[in-house]
Amino acid sequence: MKKFGLGVLGLGEGRSIISGALHSQLWTVSQLCDLDEQLGRERCREFGLTNFTTSLKTLLENPAVEVVGIYTPDHLHATHIIQALRAGKHVICTKPFLNDLTQAQEVLRAQKTSGKHIMVGQSSRFFAPFARQRSHFNTGAFGELITVEAYYNADHRWFLKKAWAKTADFKWLYGGLSHPVDLMRWYLPDIAEVMGYAALSKNGRELGLKNPDTFQFIFKSSDGIPARVSGTYHSPVIPLQRDSNMSCILRCANGASQGDYYDLRYAWKLGEQSNIETFEDQDDYYFRFGGHSHHAGEYQNYIEYFARCLTSGHSPQPDVLEGIVTVALLQAMEKSCTSGLPVKLADVLALHDLSELLPAGTP
Ligand SMILES: NC(=O)c1ccc[n+]([C@@H]2O[C@H](COP(=O)([O-])OP(=O)(O)OC[C@H]3O[C@@H](n4cnc5c(N)ncnc54)[C@H](O)[C@@H]3O)[C@@H](O)[C@H]2O)c1
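See below:
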C-alpha cells in the first residue's frame, strides 16, 4: 500500500502523531513545523528527523507533504485547516475540530472546493476499550440502546501552564468535553436538544482560567433517547482501581457495557454472561512517553485508518460534516449554560446558516 507524506503543524501534542507515523508502514514524516524553533530542534533530535521549519507557508509549499496534521492551539484550528485545504493538502485535525462555528462555513467551502479529505482526530474512538465496546455493540447482541452516559474527568492543572490555556479563547467545554460528547454522538448521532450547567471551580479560577471547568449536561435524541455527559478538569480524580477518568456506558435492552480509559478496561454484561476485559498489555503501544499525558497509540490507529480511507477513496469518520455538527452541539451546550434553558441543535445550526447539516430526522 502507498505511503503518505505527513506534515505536522504544532509540536506539543504533535509529538504523538510524529511517533504514530514513524511506527507505521503507511506513513512517512515529510516535515515538521512550529513557531518555536527550540522545540522544533528538540523534536528533530528526539525522532532523528531533519526537515523542520518555522514557516507554515514552507510546509504548505512542500510537495512531499500530502496530509497536514494540525496540533496547534484550539482557536487556531479553523484558520490552519482552511490554509492547508487551499494549499491542496488533506487534513487531520485534532479535537476540538473548531473552537466555535464562526468559520464553519468557510471550512466547509474550502473542503468542497479542494476535494480533499478532512478527518477529525477524535482519539478516544481509536483507544482499545472504546473501539472494542463499539465493535461489540455493532454485533447487535445488546439490542436496543436505552441510554448513554459518558464522562471525562481529569486533574489537568498542569495544562494551565500553557499561556493560551489562560486566555478567553480556551474553553474546557470544547477542549475537554469534545471527547465524551463525541463518544455519545457515536451511538446517538441525532441529538436534538441539550440542557446543562457549568461553573468555574476555585482551583481553575486561582490558576487564571477564564472559562468554566465543571460541567453536567443531559441530552435528548430525536427519537427521545436521553443521554448524559459530564466533566471536571482541575481537581483530584477517584483512584483508578475504582473509577476511570474517561468512561462510556451503554445501557441496552439485552445488556450493558462500559469502556474505560483507565486501566484500558472494558466491562460488559449480556443476559447471564458478564466479563471484564483489559488491554493493559497494550499500555506500551498506547503510551510511549510523558506518562499517560500523550496519545501516540490512538493517533497511530487513526492515521492508519485515514491512510486506508485515502487509498480506498472512502470518507474517514468523523469527517468535516460530523465534526461541524459536534461543534454545533458543543455550542448548544454552551448556550444552555448561559441561558439556563434547553437548546435545540437545529436552532444553533440555523443561526450559522448550517441547517443542511442537521442529521436526518432531527426536529
Ligand atoms: N487526545 C487528544 O486528541 C489531544 C490531547 C492533547 C492535546 N490535544 C490538542 O492538541 C492541540 C495542541 O495542544 P498542546 O497541548 O500540544 O498545546 P501546546 O501549546 O503544547 O502546543 C501547541 C504548539 O503549536 C505551536 N503553534 C502555535 N501557533 C502556531 C502557528 N501559527 N504555526 C506553527 N506552530 C504554532 C506552538 O508553538 C506550540 O508548540 C490542542 O488543540 C489540543 O486540544 C489533543
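Residue numbering for the sequence shown follows the working numbering, beginning at 2 and increasing consecutively.
We treat Cβ as the ideally placed atom computed from N, Cα and C, and that holds for glycine.
For residue i, verify whether its CB is less than 8 Å away from any heavy atom of ligand 1.
i	result
Glu14	yes
Ser248	no
His78	yes
Glu299	yes
His180	yes
Pro97	yes
Leu208	no
Cys34	yes
Pro74	yes
Phe160	yes
Ser20	no
Ser245	no
His293	no
His366	No answer is possible for residue 366: it lies beyond the span of the chain, which begins at 2 and ends at 364.
Leu40	yes
Gly176	yes
From this set, the options, which residue's C-alpha is nearest residue i's C-alpha?
i	options	result
Tyr263	Leu342, Asp282, Pro213	Asp282
Ile119	Asp156, Leu50, Leu86	Leu86
Asp261	Thr51, Tyr188, Pro181	Pro181
Tyr286	Val9, Ser25, Gly8, Val68	Ser25
Asp191	Lys3, Gly11, Glu14, Leu346	Leu346
Asp325	Leu40, Arg44, Val68, Leu109	Going by the sequence as given, residue 325 is Ile instead of Asp. For the residues Leu40, Arg44, Val68, Leu109, the minimum Cα distance to Ile325 belongs to Leu109.
Met2	Lys162, Phe307, Ser340, Gly209	Phe307
Ser222	Gly256, Ala333, Ser20, Arg186	Arg186
Ser202	Asp183, Asp156, Pro227, Glu357	Asp156
Val321	Ala105, Pro64, Cys45, Gln301	Ala105
Leu12	Gly291, Thr73, Thr51	Thr73
Leu331	Val349, Gly341, Pro317	Val349
Tyr188	Glu273, Leu359, Cys253	Cys253
Gln259	Thr103, Phe48, His137	His137
Tyr198	Leu57, Leu60, Ala333	Ala333
Should residue i and residue j be called a contact, given that it needs their Cβ atoms to be closer than 9 Å?
i	j	result
Pro343	Glu194	yes
Phe128	Glu323	no
Phe98	Leu251	no
Ile219	Met247	no
Thr55	Glu43	no
Pro213	Cys338	yes
His296	Glu62	no
Lys90	Gly8	yes
Gly209	Leu174	no
Ala111	Ile82	yes
Pro130	Leu265	yes
Tyr303	Gln134	no
In or out: residue i buried (at least 16 other Cβ within 10 Å) or exposed?
i	result
His315	exposed
Asn276	exposed
Tyr234	buried
Gln32	buried
Leu36	exposed
Trp269	buried
Asp354	exposed
Gly176	buried
Glu335	buried
Ser356	exposed
What is the C-beta distance between residue i and residue j, in whole angstroms, given that I count them as a contact (C-beta under 8 Å)?
i	j	result
Gly141	Val66	That pair is no contact at about 42 Å.
Gly122	Lys163	The Cβ separation is near 19 Å, so there is no contact.
Asp183	Pro319	7 Å
Phe216	Ser231	6 Å
Is residue i close to ligand 2? I mean its beta-carbon at under 8 Å from any heavy atom of the ligand.
i	result
Asp37	For the structure depicted, ligand 2 is absent and the ligand set comprises only ligand 1.
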